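Peer 1:
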Amino acid sequence: MTESYLMRNLRAVRGRAYPRLIGSTREPSWFVFDVILPLFTIAGYAYVYKFLDARAELIGYVVLGGAMTAFWLNILWSMASQLYWEKEIGNLSLYLMAPISRMSVLAGMAVGGLFETTIQAAMTLAIGAIAFDVVFSLASPALLILVFVVTMIALYGMGMMFASLYLLLGREAYHLSALMMEPVYFASGFYFPVKQLGFWAAAGASVIPITLGLDALRQIIFPGGAEDAFLSLNTEIVLLAGLCVVFMILARYSLRYMEYLGKTTGRLTLRWQ
Amino acid sequence: MQHAVETQSLTRVFRPKKKKEGDIVTALDSVDLQIGRGELFGVLGPNGAGKTTLLKILSTLLLPTSGKAYVAGFDVEKDLMAVRERINMVSGGEISGYGLLTVRENLWMFSQFYGIKSKEANARIDELLRRFGLTEKAKAKVRTLSTGQRQKMNVIRGFVTNPEIVFLDEPTLGLDVNAARAVRDFVVDWIREDRGRTVLLTTHYMMEADELCDRIAIIDDGKILACDTPTNLKRMVKMNSTLTLSIAGLNEIDGFDTIPGLNSYSQTKDVESSTTKLRFVVEDESCVSDIISKVVAEGSKITSLQKTEPTLEDVFIKLVGRGLE
Chain Y
1 MTESYLMRNL RAVRGRAYPR LIGSTREPSW FVFDVILPLF TIAGYAYVYK FLDARAELIG
61 YVVLGGAMTA FWLNILWSMA SQLYWEKEIG NLSLYLMAPI SRMSVLAGMA VGGLFETTIQ
121 AAMTLAIGAI AFDVVFSLAS PALLILVFVV TMIALYGMGM MFASLYLLLG REAYHLSALM
181 MEPVYFASGF YFPVKQLGFW AAAGASVIPI TLGLDALRQI IFPGGAEDAF LSLNTEIVLL
241 AGLCVVFMIL ARYSLRYMEY LGKTTGRLTL RWQ
Chain X
1001 MQHAVETQSL TRVFRPKKKK EGDIVTALDS VDLQIGRGEL FGVLGPNGAG KTTLLKILST
1061 LLLPTSGKAY VAGFDVEKDL MAVRERINMV SGGEISGYGL LTVRENLWMF SQFYGIKSKE
1121 ANARIDELLR RFGLTEKAKA KVRTLSTGQR QKMNVIRGFV TNPEIVFLDE PTLGLDVNAA
1181 RAVRDFVVDW IREDRGRTVL LTTHYMMEAD ELCDRIAIID DGKILACDTP TNLKRMVKMN
1241 STLTLSIAGL NEIDGFDTIP GLNSYSQTKD VESSTTKLRF VVEDESCVSD IISKVVAEGS
1301 KITSLQKTEP TLEDVFIKLV GRGLE
């Protein structure tokens, strides 16, 4: 081994990200399933708002929220469920046996998933914006990038934590993922300003980083977005940064606990048990 | 010189969470092993004997309940990274990797977890693909491979990181004759290339263990019942050898009774092929030359000669009281 531990882990991140980076070029059907299909839901909400003669920003909120659902789906089905799936096909034991931090494997999954999903979400957003004449008013691209990055780190940190927890749940994890789709679409305000839920409900929903992230993004890119916001932009950025730290720490500890439990009980690698 | 692998009273007990989930299973029971550098060491035993549990502990995937295990001189419980840097493992029937990626991409991905630079990794992958006759499949997606090709790829994955110690868990399981032969030949060549390399092979194929291994440990119910070279293990079985001679013509040869060391013999004439088959059960192998001399002295022409030795199966039956399958 000539590589330093850090370099080895960076290579591991790149290696594990690769299947996701290359995956979208190998299976073009993703364009239909991940870009076109979400547009139907977006269109449904957009036409309701149009019928009600609502403010134009609300249709913009729906388009942005609809595009951002891709990230939540990626968290549930490609991050949280991933280690369980890796165990089933025998990859998990190979990852656990490699001389790297387990966080590198999760980080690779996150980086690959984030890249792939960002392309999908950007395409959905672009098509939706064109179809429904959404007007953006971007004052600070740097702020937009900052909020997006902080939101994604917190969100994928949550996904990394879920990955270990789902592994302990086994097959039940799939039911949990299904259970967390529609309720989170609602609670996080994907199709309406989360402020409408009332303070305490919105505060509770803010544990999910995409709630605050979406609210903050709406403040940045839509005129009048601040009026519909749950909290001030600065507060939301600070809270998102806090969630980044919390979820990364929890992810690290849950992964360590999962590995310890696996090595103690043998349930994570010995499939005959 | 430190051992490649050493275990001291290694024990692993699996306890069910609830009583209704089954009984307590002692997968390994005070296993003591010492495997030297450069050895191709086999662990032979039936399914459920504890072979895989042993490998999982040695590869840091499982904690022992008690006892100690050292790989390359490092404690598998305390020096995880030092052990992991030096090992790799391949299991039979593995379906690891991603079907969406090509063979080369899969192998490259796994090499990255060991910090191998891409250029070096790709050179090693090319070389190993060539040795396994998989060069043409380098750009094929893994999901299009046959079982044998996929297992060859898995074996390459285990060796591409250039480990000091490789754990092979039934690596030829379910493979056809040619694919199994390719894997066995490669393992033998690999270990001969550098005497610092060590292979720990678990198998329940007697022939595979006999052919490949310098030493074999026979394991059953988590216990090592015997550990020695294949030849010495077979010597444990004091069994008569059988010598079968085919001679041209339908001759009747008598007078073998006086040869010392011969237990019994029989003659069978095959009129169709005009040959006579002589079967001798010998207690003392020194009588074989006397038998052949007598046949030749009778003016008979020997067309074939076959001597049957005790097998590892016989050893296993002697030790365990039942067959392996």
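Protein chains in written order, with this note's numbering: chain Y, 1 to 273; chain X, 1001 to 1325.
The C-beta atom is built at its ideal place from N, Cα and C for all residues, glycine as well.
Every value quoted in this text rests on a predicted model; they were computed, and no experiment measured them.
Quick check on the burial criterion: 16 or more other C-beta atoms within 10 angstroms. Buried or exposed for R256/Y?
Peer 2: The residue labelled residue 256/Y in the question sits at position 256 within the first sequence. Looking at its Cβ environment, which holds fewer than 16 other Cβ atoms inside 10 Å, R256/Y is exposed.
Peer 1: For a test of the three-state rule: what should DSSP assign to D1210/X, helix, strand or coil?
Peer 2: Start at 1 with the first residue of the second sequence, and residue 1210/X comes out as number 210. DSSP places D1210/X in helix when its eight states are reduced to three.
Peer 1: State the start and end residues of the unbroken beta strand (DSSP E) segment that holds Q1008/X.
Peer 2: The residue labelled residue 1008/X in the question sits at position 8 within the second sequence. Element bounds for Q1008/X: V1005 to F1014.
Peer 1: Please classify S1266/X as buried or exposed, where buried requires at least 16 neighbouring CB atoms within 10 angstroms.
Peer 2: The residue labelled residue 1266/X in the question sits at position 266 within the second sequence. By the 10 Å Cβ count, S1266/X comes out exposed.
Peer 1: Return no unless some Cβ of chain X is closer than 9 Å to the Cβ of T264/Y.
Peer 2: Numbered from 1 along the first sequence, position 264 holds the residue referred to as residue 264/Y. It does: the Cβ of T264/Y has a partner Cβ on chain X nearer than 9 Å.
Peer 1: Enumerated in chain order, which unbroken segments of the beta strand (DSSP E) with a length of 3 residues or greater are wholly contained in the region 1103-1179 of chain X?
Peer 2: As far as the region 1103-1179 of chain X is concerned, its whole beta strand (DSSP E) runs of at least 3 residues are 1165-1169.
Peer 1: What are the boundary residues of the alpha helix (DSSP H) that F71/Y is part of?
Peer 2: Locating residue 71/Y in the first sequence gives position 71, counting from the first residue. Note, F71/Y: alpha helix (DSSP H), A56 to L73.
Peer 1: Would you say R14/Y reaches chain X, if we count a Cβ-Cβ gap shorter than 9 Å as a contact?
Peer 2: As a working note, residue 14/Y is residue 14 in the first sequence. Output row for R14/Y: interface = yes.
Peer 1: Check the C-beta distance from A98/Y over to R1184/X and give it rounded, since I have them as a contact under 8 Å.
Peer 2: Against the first sequence, residue 98/Y aligns to sequence position 98. Against the second sequence, residue 1184/X aligns to sequence position 184. Their Cβ separation, rounded to whole angstroms, is 26 Å, which puts A98/Y and R1184/X out of contact at 8 Å.
Peer 1: Please return the same chain residues whose Cβ sits closer than 7 Å to the Cβ of Y174/Y, not counting the five positions on each side in sequence.
Peer 2: Here the question's residue 174/Y lines up with position 174 in the first sequence. Closer than 7 Å at Cβ, skipping near neighbours: S81.
Peer 1: Mind checking who M1089/X pairs with in its DSSP beta bridge?
Peer 2: Taking the first residue of the second sequence as position 1, residue 1089/X is located at position 89. Paired residue(s): F1167/X.
Peer 1: Looking at chain Y, is there any beta carbon in it that lies within less than 9 Å of the beta carbon of S1111/X?
Peer 2: Locating residue 1111/X in the second sequence gives position 111, where the first residue counts as 1. Cβ-Cβ to chain Y under 9 Å: yes for S1111/X.
Peer 1: Strictly under 9 Å for the Cβ-Cβ distance: is V105/Y near chain X by that measure?
Peer 2: Looking up residue 105/Y in the first sequence gives position 105. Chain X, which has a Cβ nearer than 9 Å to the Cβ of V105/Y, makes this yes.
Peer 1: Expressed to the nearest angstrom, what Euclidean distance is found between the alpha-carbon atoms of T1144/X and G1099/X?
Peer 2: Sequence index remark: in the second sequence, residue 1144/X carries index 144 (1-based). Sequence index remark: in the second sequence, residue 1099/X carries index 99 (1-based). Roughly 8 Å separates the two Cα atoms.
Peer 1: Could you name the residues of chain C that S93/Y contacts, counting a contact when the two beta carbons are closer than 9 Å?
Peer 2: Annotation note: the requested chain C is absent from the structure, which comprises protein chains Y and X.
Peer 1: Mind checking which residues open and close the beta strand (DSSP E) that includes A1226/X?
Peer 2: As a working mapping, residue 1226/X is identified with position 226 in the second sequence. Residues K1223 to D1228.
Peer 1: Hey, out of P223/Y, V63/Y, R20/Y and F71/Y, whose CA is closest to S137/Y's CA?
Peer 2: Stepping through the first sequence from its first residue, residue 137/Y is reached at position 137. The shortest Cα separation from S137/Y among P223/Y, V63/Y, R20/Y and F71/Y belongs to P223/Y.
Peer 1: If you follow the alpha helix (DSSP H) that K1056/X is in, where does it begin and where does it stop?
Peer 2: Taking the second sequence and counting its residues from 1, the one referred to as residue 1056/X is at position 56. Run containing K1056/X: K1051 to L1058, per the alpha helix (DSSP H) assignment.
Peer 1: For L176/Y, which residues in chain X fall below 8 Å Cβ to Cβ?
Peer 2: Walking along the first sequence from the start, residue 176/Y turns up at place 176. Per Cβ cutoff of 8 Å: no residues; L176/Y is ~20 Å from chain X at best.
Peer 1: Does the beta carbon of Y45/Y fall short of 8 Å from some heavy atom of the ligand ATP?
Peer 2: The model depicted lacks the ligand ATP and carries no ligand whatsoever.
Peer 1: For Q120/Y, count the other beta carbons within 10 Å of its own beta carbon; 16 or more makes it buried, fewer makes it exposed. Which is it?
Peer 2: Position 120 of the first sequence, counted from the start, is the residue given in the question as residue 120/Y. Buried, since its Cβ has 16 or more Cβ neighbours within 10 Å.
Peer 1: Pull out every residue of the region 138-164 of chain Y whose Cβ sits closer than 8 Å to any Cβ of chain X, in chain order.
Peer 2: Listed in sequence order: no entries.
Peer 1: Against chain Y, with Cβ distances strictly below 9 Å, would E1170/X count as a contact?
Peer 2: For the purposes of this step, residue 1170/X is taken as the residue at position 170 of the second sequence. Chain Y, which has no Cβ nearer than 9 Å to the Cβ of E1170/X, makes this no.
Peer 1: Indicate whether at least one CB of chain Y lies closer than 9 Å to the CB of L1319/X.
Peer 2: Numbered from its first residue, the second sequence carries residue 1319/X at position 319. Taking Cβ atoms only, chain Y never reaches closer than 9 Å to L1319/X, which makes this a no.
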